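For the sequence shown, this note's numbering gives the first residue as 1, with consecutive numbering after it.
The beta-carbon is built from N, C-alpha and C at its ideal position, and this holds for glycine as well.
Quantities reported herein were computed from a predicted structural model and do not represent experimental measurements.
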Amino acid sequence: MVDNFPGERSEVDYSANGHQDPIFTEHALLKLNQQCLPLPEVDVAIDAMNRATNSTIATNSKADVDVLRHLALLYLESFRNKNLSRGEHNKAIMNVASIVVSLRAPEARLISSEEMDSLLLKIYLYFFLEESTPIQLVNSLLK
Numbered sequence: 001m002v003d004n005f006p007g008e009r010s011e012v013d014y015s016a017n018g019h020q021d022p023i024f025t026e027h028a029l030l031k032l033n034q035q036c037l038p039l040p041e042v043d044v045a046i047d048a049m050n051r052a053t054n055s056t057i058a059t060n061s062k063a064d065v066d067v068l069r070h071l072a073l074l075y076l077e078s079f080r081n082k083n084l085s086r087g088e089h090n091k092a093i094m095n096v097a098s099i100v101v102s103l104r105a106p107e108a109r110l111i112s113s114e115e116m117d118s119l120l121l122k123i124y125l126y127f128f129l130e131e132s133t134p135i136q137l138v139n140s141l142l143k
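Here is the structure:
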């Protein structure tokens, strides 16, 4: 049996685990909800993304949708071909999710728990399966 949640800095071929497996999904969502919620405030996520990309594209949550989208793309691209610790992955997932939630529900920042699970899982799989590009991920998250 393959350990779907190895220790920090462990290497696992997640594509071999069949990410469509309901048990894998259930365990992934359990971990994501424990480790990635609550999401940071949007301005905190923007600041972290700016620092990670060495940019000042967006300075606060009032920035234009296209500016925040571009910042998210740069942020995701900055992690390409890098080995990140579990904590670094979680922070990246949280920052991207915070931006997406603010863009999906700008007034109240409220989305259903099912939408949140779907959002967290898509970002998680992006990092571990590396089957899509940042633009594909952002497009799928902002549909």
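Select from the options the residue whose C-alpha is nearest the C-alpha of residue i.
i, options, result
"phenylalanine 24", "Glu77, Leu125, Gln136 and Ser132", "Leu125"
"aspartate 47", "Cys36, Ser85 and Ser98", "Ser98"
"leucine 103", "Pro134, Gly87, Leu76 and Val138", "Val138"
"aspartate 43", "His89, Leu71 and Ile135", "Leu71"
"asparagine 81", "Asn33, Phe127 and Asp117", "Phe127"
"leucine 30", "Glu114, Ser55 and Val67", "Glu114"
"serine 55", "Arg86, Ser78, Leu110 and Asp64", "Ser78"
Applying the criterion that 16 or more other CB atoms from any shown protein chain within 10 Å of the CB defines a buried residue, is residue i buried or exposed?
i, result
"serine 112", "exposed"
"alanine 105", "exposed"
"valine 96", "buried"
"arginine 69", "buried"
"isoleucine 135", "exposed"
"leucine 129", "exposed"
"leucine 76", "buried"
"leucine 32", "buried"
For residue i, name the three-state secondary structure that DSSP assigns.
i, result
"leucine 137", "helix"
"glutamate 115", "helix"
"alanine 63", "coil"
"glutamine 20", "coil"
"asparagine 95", "helix"
"alanine 80", "Just to set this straight, residue 80 is arginine in the shown sequence, not alanine. Arginine 80: coil per DSSP, three-state reduction."
"asparagine 54", "coil"
"leucine 73", "helix"
"lysine 143", "coil"
"alanine 48", "helix"
"glutamate 26", "helix"
"leucine 39", "coil"
Since residue i and residue j should fall inside the 8 angstroms C-beta cutoff, what is the C-beta to C-beta distance between them, to a whole number of angstroms?
i, j, result
"threonine 163", "leucine 74", "The chain is shown from 1 up to 143; residue 163 falls before or after that span and cannot be answered."
"valine 101", "leucine 142", "Not a contact, Cβ separation roughly 11 angstroms."
"alanine 28", "leucine 119", "Alanine 28 to leucine 119, Cβ: 13 angstroms. No contact."
"isoleucine 93", "isoleucine 57", "Going by Cβ atoms, the distance from isoleucine 93 to isoleucine 57 rounds to 20 angstroms, so no, they are not a contact pair."
"glutamine 35", "asparagine 90", "5 angstroms"
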